[in-house]
Amino acid sequence: MRKLILIVLMIVFTSVAHAEERLNVVTTLPWIGSLAKELGKDRVSVTTLVKPSQDPHMLEAKPSMILAARKADIIMYNGLDLEIGYLPLIFESSKNPSVMPGRPGNFDCSRFVRVIEKPATVDRSMGDVHPLGNPHYHFSPENVLKVAEGMAAALGDLDQANADFYRANFEAFAVKLREKQKQWSSQPLSGKRFIAYHRLFEYLATDFGFRIIGYVESKPGIPPSAAHIERLMEDMKKSRPDGILTTSLYGKKEAESLSTKTGVRVIVLPNDVGAGKGTADWFAFMDATLKSLL
Amino acid sequence: MKIIYFFSIFVFTFFTSAAFAQDPGERLNKLEEIVKKQEKTIEQQQKTVEALKQEMEKQKSGRASLEPGAPSASPQSGGLFGGSSLTNPNISAVLNAFAYSSNLTNEELEQRGIPGFTTRGIERQRGFNLDAAELFIFAPVDPFFNFYTTIPVTEDGAELEEAYIVTTALPAGFQIKGGKFKGGFSRLNAQHPHAWDFTDIALPYRAFLGGEGLGGEKGIQLTYLPALPVYTLLGAEVLQGENELLFGPDAGSGPHAFSFFVKSSFDTSDNSTLYFGPSVLFGKTKSAVITSGSDPALGAELQGDSVLYGFEMVWKWKPSSQQGFTLQSEYLYLSQNGDLEDFGAATVNPLVRKQDGFYVQGIYRMNRWRIGGRYDRLAPFSDTFKLAGTEQDLGSAPWRAAGSLEFNPSEFSRIRLQYTHDRTAGDGRENNEVIAQFIFGIGAHAGHPF
Chain A
1 MRKLILIVLM
11 IVFTSVAHAE
21 ERLNVVTTLP
31 WIGSLAKELG
41 KDRVSVTTLV
51 KPSQDPHMLE
61 AKPSMILAAR
71 KADIIMYNGL
81 DLEIGYLPLI
91 FESSKNPSVM
101 PGRPGNFDCS
111 RFVRVIEKPA
121 TVDRSMGDVH
131 PLGNPHYHFS
141 PENVLKVAEG
151 MAAALGDLDQ
161 ANADFYRANF
171 EAFAVKLREK
181 QKQWSSQPLS
191 GKRFIAYHRL
201 FEYLATDFGF
211 RIIGYVESKP
221 GIPPSAAHIE
231 RLMEDMKKSR
241 PDGILTTSLY
251 GKKEAESLST
261 KTGVRVIVLP
271 NDVGAGKGTA
281 DWFAFMDATL
291 KSLL
Chain B
295 MKIIYFFSIF
305 VFTFFTSAAF
315 AQDPGERLNK
325 LEEIVKKQEK
335 TIEQQQKTVE
345 ALKQEMEKQK
355 SGRASLEPGA
365 PSASPQSGGL
375 FGGSSLTNPN
385 ISAVLNAFAY
395 SSNLTNEELE
405 QRGIPGFTTR
415 GIERQRGFNL
425 DAAELFIFAP
435 VDPFFNFYTT
445 IPVTEDGAEL
455 EEAYIVTTAL
465 PAGFQIKGGK
475 FKGGFSRLNA
485 QHPHAWDFTD
495 IALPYRAFLG
505 GEGLGGEKGI
515 QLTYLPALPV
525 YTLLGAEVLQ
535 GENELLFGPD
545 AGSGPHAFSF
555 FVKSSFDTSD
565 NSTLYFGPSV
575 LFGKTKSAVI
585 TSGSDPALGA
595 ELQGDSVLYG
605 FEMVWKWKPS
615 SQQGFTLQSE
625 YLYLSQNGDL
635 EDFGAATVNP
645 LVRKQDGFYV
655 QGIYRMNRWR
665 IGGRYDRLAP
675 FSDTFKLAGT
685 EQDLGSAPWR
695 AAGSLEFNPS
705 EFSRIRLQYT
715 HDRTAGDGRE
725 NNEVIAQFIF
735 GIGAHAGHPF
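Same order as they appear, the protein sequences are chains A and B.
Under our numbering, residues 1 to 294 are what the first sequence spells out, in order.
Under our numbering, residues 295 to 744 are what the second sequence spells out, in order.
Here is the structure:
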């Protein structure tokens, strides 16, 4: 028994002593990780839980995620209930009080976002509607800028010795974003009309002035029925949209079959940072997204 | 706003009617004055409305007083379970119903125990069955505790299966769970029936713990997750020990069941994870549902000590959101010593049991479809059942094989068809079951653990 207690105590002490000097940042989505790296540079070590090849709606709380949360100084997440299926479980199972909701180590990016498409009434007969509004705001430069500002402040709060460093990195990020924004806005997207598979691109449409006039999914998260596709094809013949938007994550096959039937081209956009070539960070991801739309 | 408007009209009419009493010139002057006053009021009100509108717009966009270094955040944060659960906790209900058919009659099913393991039969009726409508309520209590309850409502009434708190503020990887909860021993115990991959629990569980596993037990659990390179969860429990088959409420005067468990896991690739660990559950036993003795009408009761060892192993592979495969297996080993009082023969004899069992199952998912198979077997390595020093003949080792096909229209609904070939009875009679199961969930439901 005494031996067992000794072993347990040793594990406790080693785990306490293990605490690194760099701030341990855990993020759910790749784009949040990219932002954290941009702002924290070498003063933070970033672990991203969701891979760009994974659908962030449909994940399980893997023990490796819980372990990462256990060691985290701060967890940054998309919010708006996107990660509702696994993140609450990760928080609780992490047994790490500093990342629990309400603590400085719990960073909900959506708190800084101007949310669109918040439904007035919602029930599940409408499909997998996000009751707090559209959560896919990482396509929106305006909103990402706000998130980055909040993130720099949150990092500074936790690591006050480096607060100025994070703030300076944010300023540099903001300057770069403003420059890029000029370049992105100069693209002739205004007035274009697209069909989309899932409600992923609404922020992009709002920020860059194009319209999404129909969806391949009959209801969010529910695969299209034959009747719905039939109707959509009729509409598309009349409206002649500029493309069918989808990602490589899901809906690509459905979009392609719709394309062969209607002659409207498929545009595969990256769903997140790291999905596909040339999307190594958030700026590259946005570059690739806007380039594909042309 | 409207009220003010009507009020001004009312005042206006009042003054005009009063003004009619004077001469026309004066009246006109007064009227003009009044109209001007009214105009001013309306203008001011308009201004207030504009200001309010702007204020609302600002709040909406979260742009109020955006200063460097102080980014504005919307006042409502996500909360642990999303949304707001201040005034209302998260509530969900899960309906679990099924249609059952078998070559055996209802009476034969009820009496179909597993010789040497349990006298409890299959509590299912041919035709339509309602397992339960389970009610789940949970919310944070305060910054220190989360609170969970599970209330399955059956046709016999409501039952408090679980009601417990979990700490969220203990430091250094420690956590305490207390109240009535499903314990951490092995894997299927902690899962709610609607989360099972088959309509019924695996055979070793039914044989050693009963048809619902260990079930909700009153007690306290301490878990510790050290910050190691590999996920390793250590846990210990003190339980009241009310499980009818393994312990029994009268087996001890206080808490008389205890458990220790280790759960370990690592990712075998980007898309796959291995999860495994040993556990042990032990305590005092006073059970009348193990064996029927010489006269089934009177029965027999065992009083003694039990140790149940378990080992669980799960491997999940999920190459994309469209498909996945889960391989799962558990092994249980029981060591039990005690005195068996045979009420029919009016004798008390020492009983020694060393029995084991395992199951292995695989589930493959493709989009909204899942197909699965399971094989369970008792006494694969050890089948000691010694009464008064004499080994008892229990017939051939019980086994079962099941196949299932599921369609999940959405995350919240499941339609399952299962076929089971059951060879668990000592008399060698088969039970061939076909089950169509329906599981539907509404409301805010907590995510299921890995």
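No residue lacks a Cβ here, since even glycine has one placed at the ideal position from N, Cα and C.
Treat the numbers as computed from the prediction; the structure is a model and nothing was measured.
Here the alpha carbons of residue 288/A and residue 473/B stand approximately 53 Å from one another. By the Cβ criterion, the region 215-230 of chain A is in contact with the region 245-254 of chain A, since at least three pairs of Cβ atoms, one from each stretch, lie closer than 8 Å. Remark: three or more beta-carbon pairs, one from each stretch, lie closer than 8 Å, so the region 716-736 of chain B and the region 392-400 of chain B are flagged as touching. Distances from the CA of residue 459/B to each of 450/B, 598/B, 470/B were compared; the closest alpha carbon is that of 470/B. Secondary structure of residue 228/A (DSSP, three-state): helix. Here residue 80/A has 110, 115, 130, 132, 133, 135 as same chain residues with Cβ atoms under 7 Å from its own Cβ, once five neighbours each way along the sequence are excluded. Proximity to residue 188/A across 77/A, 211/A, 173/A peaks at 211/A, based on C-alpha coordinates.
Per DSSP, the unbroken beta strand (DSSP E) holding residue 664/B starts and ends at 663-681.
Ranked by how close their Cα comes to the Cα of residue 674/B, the residues 648/B, 657/B, 698/B have 648/B in first place.
Closest option to residue 735/B, judged by alpha-carbon separation, among 32/A, 103/A, 100/A, 124/A: 124/A.
Ranked by how close their Cα comes to the Cα of residue 558/B, the residues 417/B, 539/B, 402/B, 606/B have 606/B in first place. In this structure, residue 498/B keeps its C-beta atom at 8 Å or more from the C-beta atom of residue 688/B. 63/A is the residue among 159/A, 63/A, 70/A whose C-alpha sits nearest the C-alpha of residue 566/B. Here the alpha carbon of residue 22/A sits roughly 14 Å from the alpha carbon of residue 157/A. Counted as a single uninterrupted DSSP element, the stretch harbouring residue 28/A is not any beta strand (DSSP E), since DSSP gives it neither H nor E.
Our two residues, residue 87/A and residue 44/A, have alpha carbons roughly 22 Å apart in a direct line. Checking the DSSP bridge columns, you'll see residue 693/B partnered with 671/B, 717/B. Segment contact: the region 222-233 of chain A against the region 263-281 of chain A, fewer than three CB-CB distances shorter than 8 Å; contact not assigned. Of 148/A, 267/A, 140/A, 159/A, the smallest CA-CA separation from residue 202/A is found for 140/A. Just measuring C-alpha positions, the residue of 128/A, 220/A, 195/A sitting nearest residue 266/A is 195/A. At least 8 Å separates the beta-carbon of residue 516/B from that of residue 467/B.
Among the CB atoms of chain A, none fall inside 8 Å of the CB of residue 642/B.
Taking 8 Å as the cut-off, the beta carbon of residue 174/A is found closer than this to the beta carbon of residue 145/A.
For residue 65/A, the enclosing alpha helix (DSSP H) has its first and last residue at 63-70. 8 Å or more divides the Cβ of residue 662/B from the Cβ of residue 613/B. In the structure shown, residue 275/A adopts coil according to DSSP, grouped into three states. Looking at the backbone, the Cα of residue 531/B and that of residue 543/B are separated by about 17 Å. By the neighbour-count criterion, in which 16 or more other beta carbons inside 10 Å mark a residue as buried, residue 548/B falls on the exposed side. For residue 163/A, the enclosing alpha helix (DSSP H) stretches over residues 163-185. With at least 16 other beta carbons inside 10 angstroms of its own, residue 585/B counts as buried. Judged by DSSP secondary structure, residue 456/B falls within the beta strand (DSSP E) whose first and last residues are 456-461. In this chain, residue 636/B is not harboured by any alpha helix (DSSP H); it is covered by the beta strand (DSSP E) spanning 617-636. In the structure shown, residue 728/B adopts extended strand secondary structure according to DSSP, grouped into three states. Residues of the region 66-80 of chain A with a Cβ closer than 9 Å to any Cβ of chain B, in chain order: 66, 67, 70, 71, 77, 79, 80. In the structure shown, residue 103/A falls within a coil segment according to DSSP collapsed to helix, strand and coil. Between the region 587-603 of chain B and the region 624-636 of chain B, the count of C-beta pairs closer than 8 Å reaches three or more; the two stretches touch.
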